[in-house]
Every structure is written in C-alpha cells, then in structure tokens.
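Residue numbers (our numbering): 9 to 459.
Here a beta-carbon is modelled for each residue, glycine too, at the ideal position from N, C-alpha and C.
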Amino acid sequence: MTKPRQYHITTFGCQMNKADSERMAGILEDMGYLFTEDPYNADLVLYNTCTIRDNAEQKVYSYLGRQAKRKQTKPDLTLIVAGCVAQQEGESLLRRVPELDLIMGPQHANRLQELLEQVDAGNQIVATEPIHIVEDITKPRRDSTVTAWVNVIYGCNEHCTYCVVPGVRGTEQSRYPEAIRAEMEDLARQGFKEVTLLGQNIDAYGRDLPGTTPEGRNLYTLTDLLYYVHDVEGIERIRFATSHPRYFTERLIKACKDLPKVCEHFHIPFQSGDNEVLKAMRRGYTHEKYRRIINMIREYMPDASISADAIVAFPGETEEQFENTLKLVDEIGFDQLNTAAYSPRPGTPAATWDNQLSEEVKGDRLQRLNHLVSQKAAERSQRYAGRIEEVLVEDQNPKNPSQVMGRTRGNRLTFFTGDINELKGKTVAVKITEVRPFSLTGEPIEALVTV
Ligand code: SAH
Ligand code: SF4
Ligand code: F3S
C-alpha cells in the first residue's frame, strides 16, 4: 500500500479566505489527503493568499521561495498558490516562481479537485478567469467544532479607490437563502452552536438575485435572511460581517433586536472620519451618516458592541483630516478597531495619485490612532466589570490549560477556569472579575450553565 499523501494549507487574510481554506481542505481530504501541521513535511502545500496591503503580499513570496527550493529535491511536491495574490498576479507568479503547479483565484476554490487532476496529468495551471461560483458539495474541514463561517455573498461591487477586493473577488454573487439555511441545518446536526454569515459587503446580500416585493424592495435582503434562518434548531448564535455604512438599514437593526440569536455586535468599517477623505475613497457616506447609524444602534441596543476598520494616511490626507478620524474614534468609543496605514495597491485608482504620503507620516499617524484605540477599548471594557456575561466556550486557553476561552455575545474574548472536555460548545454564565482592553477573565456561575 502506498503512503497517503499529506497536505498543508497556510491561510492569510480575511474570514473569506479562512472559509475558502476550510472548503479546500474538505476537498483534499475527500481525495484521500491527510492533514499535516508542518508545511515542510507535506506532499502538497497550498498558500491561500491575501493582497489587501503590500506587506500581506510580501509574506507569501518568502514562504514560496523556501518551498520552491524544497521542490528541487522533492519533485513530487505539489505547490499551489490560491486566493487573492493568485488572482492579482496570475501568470506573472509563474514567471516569478516557475516551480508552481497551480495558481487559482478565490472564485475557483470549489474546483480544486478538477484543477488538481489537470496538474496530475502533467500541466501547470492558471485558473483566474471570472466564473460563476458553483455551490459546493464537499464538506469543509472546519477549524472549530463550535463556530462556523457561512458565506452568503461572494465578491464586491463597490469602487473604494484604495481596495483590491472587487478586482480579486469579482462581482457580487449571493447564495439563495435555501442553500444558506440548509448549510446551517447541517452545521447544527454536527453540533455547531454559532454561525457567522460572511460577505465583504454583506448589506449587498440579495441585490443580484431576481425579484422585488410589492413595495419595490429587493425580494432578498440580509434582514429577510436573518428572519429566515434564525430558527435553525441547535444554532444558538448568529453573527454577520462586514457591514457597509452606505447600505446599513434601520430594518436590520430592528431584526437584530427582535431576534434573540443574533448577537449585539456590529462590525461597520468607517475608514475615515473626514468627509473629503471619504469622498476621495468613494465610500458613499459622510461621517455624520456614520454617526447616525451608531446612534440608532445604541438607541435600540444601548449595550451593543461596535467594531470597525480605519485607514490612516490615505493619499492627500492632511493633519487636520487625520484629526477628524481621531475625533470620531474618541467620540464613538469602539470596542475594537482594526487600523492600517494606507498601502498603494496595483490596479486601484488611489495608487496612481501623486499626493501619496511618506512612510514617516504613515507610521506616526498609525501609532497615534492605535494609542487612542487601546485607551478607548480599555474604557469600553470597564462596563463589563462585575457583570454576568453569556460565554460560548470554544477552546482551551492555549496559554493556560486550566482555563477555557470563549466569546461574549458582544464578541469579547473571555477566559475562565474550567475543563474544556466538559465545556466545549456550552454556553456558560460567567461573572467578569478582570477586564483588559480586548479581553476579560471571569468565574463561572455553575447554576446557570446551559446545555
Ligand atoms: N469590505 C470591507 C473591508 C474589506 S478589506 C469594507 O468595505 O469595509 C478589510 C480592511 O482592509 C478595510 O476595511 C480597510 O480598512 C483595509 N484596507 C483595504 N485596502 C487597503 C489599502 N489599500 N491600504 C490599507 N488598508 C486597506
Ligand atoms: Fe473593498 Fe470597498 Fe468592497 Fe469593502 S466595500 S471590499 S473596502 S471595495
Ligand atoms: Fe485579503 Fe482577499 Fe480577504 S485580499 S482581505 S484575502 S478578500
């Protein structure tokens, strides 16, 4: 008997890539491959890549260099680049790393088996043409047994002037609610408790699907989808990301308040607190509109947690405009904020402008914003002190095996003493005894442990 071939996948980038990797791992296992943690011991290595900023892209090249060398002494090594760098660079990756067997864009993730068969027939394959994403029939190999991603809309039709995503992920394609619900029912049968519905611009869900209501609305919207899937038995929590302020609606906020399983956490990137910068980014809203959305959420759900993304040092951003971002962050008080210095990306309009800012300005602004963010997050964390929070236990604390970790409904990472074998997948009432800017520690209140 021949030894089964081993595969390794390293994933960079966002939740979409993580979800794609889980599906590709499922396909490989279906084909008889076995997983290995060690990329330098595997017979098939797949890098699922991200190109959102230059440093994300550069990481891949250093990994690839080492694997290309390995292939010289191990000719049966299959080397794959998937994801957004693959889509962005296509053929030119082959020139850079001729040892590659397969270059496949994100839209081709579900076709991995068919593409590998072509590789095994002796071909070097570049699969980056835009295609309609086929519903996937293979079971993903999920990283967690408690929480799962479920794609609801692929691609993005926005034109933010800094962003590569529409170029690499293609045009919007929503899945039908029936397929989404069926996947969630299947997850529930397998024992999963939490689902995060995914889309780069999840508020666009349904606008590419046919049909309108008598009032002229799209027949399918994210709000309707939440009502349609919320009663899947066994799924206890539903989250969704990423929201776009341009399309965010009061109907959606009401649904989140009405539906007990939908967690009170909103991830709504604002990118900049300055209207001129927002306009140059082509975001389609003002900071006033953004503030109205947050106020509305807080009217319905005063304790909702709010996270976001922001970019500093966008081309032409003045000190005063940057201070408007600081002001917004100071006034809103985010629970968490992902910050980044602007990185010019190939094929995007802003990369060609001649008002780029220096590395020095980028570093300085990023540091000032990050400082404010941790200060505000620490303040926001204080409200948890002494409170009882529902924590869905996901795993052992890797730094302290006598503790388990999970998340509150507001998505705060929480640690408490307990046995993972007993508590994994359980929702436990935890009294918070210690607060840090981005995580909490507490004590379980045994009487309130739910099944
Ligand atoms: N669809 C989401 C975000 C997708 S990309 C949205 O519309 O907000 C994730 C984050 O990366 C973005 O929110 C943005 O803050 C950041 N980002 C995207 N392109 C970038 C660039 N060229 N330079 C720096 N940060 C960028
Ligand atoms: Fe990029 Fe804008 Fe689409 Fe988000 S909405 S993925 S930032 S183009
Ligand atoms: Fe990166 Fe692609 Fe996601 S560029 S952020 S992995 S959509």
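- Per DSSP, Pro452 is one residue of the beta strand (DSSP E) stretching across Ser447 to Pro452.
- Shortest gap from the CB of Cys92 to any heavy atom of ligand 3: under 6 Å.
- The three-state secondary structure of Gln198, taken from DSSP, is coil.
- In the three-state reduction of the DSSP assignment, Arg391 falls in the coil class.
- Within the DSSP bridge table, the entry for Met112 names Ala90 and Ala135 as partners.
- In this model, Ala76 and Tyr15 are separated by some 16 Å (Cα to Cα).
- Between the beta-carbon of Pro138 and that of Gly34 there is about 24 Å, and that puts the pair past the 8 Å contact cut.
- Every unbroken stretch of the alpha helix (DSSP H) spanning 4 or more residues and falling wholly within the stretch 361-438 is given here in chain order: 367-390 and 428-431.
- Judged by the Cβ position, Gln375 fails to qualify as a neighbour of ligand 2 at the 6 Å threshold, every heavy atom of the ligand being at least this far.
- In this structure, Thr231 lies away from Leu205, with their beta-carbon atoms at least 7 Å apart.
- Selection around ligand 1 by beta-carbon proximity, strictly under 7 Å to any non-hydrogen atom, yields Cys22, Ile60, Arg61, Cys164, Glu166, Cys168, Tyr170, Cys171, Val172, Val173, Gln208, Asn209, Thr250, His252, Pro277, Gln279, Asp317, Ala318, Ile319, Asn346, Ala348, Ala349, Tyr350, Ser351, Pro352, Arg353 and Thr356 in chain order.
- Excluding its 5 nearest sequence neighbours in each direction, Lys384 has C-beta neighbours in its own chain below 6 Å: Gly341, listed in chain order.
- Between Phe322 and Arg373, the C-beta gap is not smaller than 7 Å, which leaves the two residues out of contact.
- Here DSSP, grouped into helix, strand and coil, assigns Ile35 to helix.
- For Cys58, the shortest C-beta to heavy atom distance toward ligand 3 is below 6 Å.
- Judged by pairs of C-beta atoms under 8 Å, the stretch 392-408 does not touch the stretch 209-224, as fewer than three such pairs exist.
- Comparing C-alpha distances from Thr333 to each of Ala358, Gly450, Asn363 and Phe278 shows the shortest one belongs to Phe278.
- Counting along the chain, Ser313 sits inside the beta strand (DSSP E) bounded by residues Ser313 to Val320.
- Residue pairing by DSSP puts Ile17 in a beta bridge opposite Leu54.
- The beta-carbon separation of Thr19 and Tyr71, rounded to 12 Å, does not stay under the 8 Å limit for a contact.
- For a cut-off of 8 Å, the C-beta gap from Pro12 to Leu42 is around 5 Å, short enough to register as a contact.
- Annotation for Asn25 indicates a beta carbon within 6 Å of some heavy atom of ligand 3.
- In this structure, the beta-carbon distance from Thr416 to Val443 does not fall below 7 Å.
- For His273, the enclosing beta strand (DSSP E) stretches over residues His273 to His275.
- DSSP lists Tyr15 as the bridge partner or partners of Phe43.
- For Val173, same chain residues with a beta-carbon under 7 Å away, outside a window of 5 residues either side, are Cys164 and Gln208 in chain order.
- Listed in chain order, the non-local C-beta contacts of Lys434 below 6 Å within the same chain comprise Val401, local neighbours out to five positions each way being set aside.
- Take Lys432, set aside five residues on each side of it, and the residues of its chain with a beta-carbon closer than 8 Å to its own are Thr153, Val154, Val401, Glu402, Asp403 and Val412, in chain order.
- For Gln344, the secondary structure class from DSSP, reduced to helix, strand or coil, is strand.
- Rounded to the nearest angstrom, the gap between the Cα atoms of Asp239 and Leu108 is 46 Å.
- Per the coordinates, the alpha-carbon of Ile243 lies some 40 Å from the alpha-carbon of Tyr69.
- Secondary structure note for Thr10: it is in no alpha helix (DSSP H), with a DSSP letter that is neither H nor E.
- In this structure, the CA atom of Ser182 is about 6 Å from the CA atom of Tyr213.
- Contact annotation, Arg119 with Ala135: C-beta distance approximately 7 Å; criterion of less than 8 Å satisfied.
- Residue environment: Arg247 is assigned as buried (16 or more neighbouring CB atoms within 10 Å of its CB, all protein chains considered).
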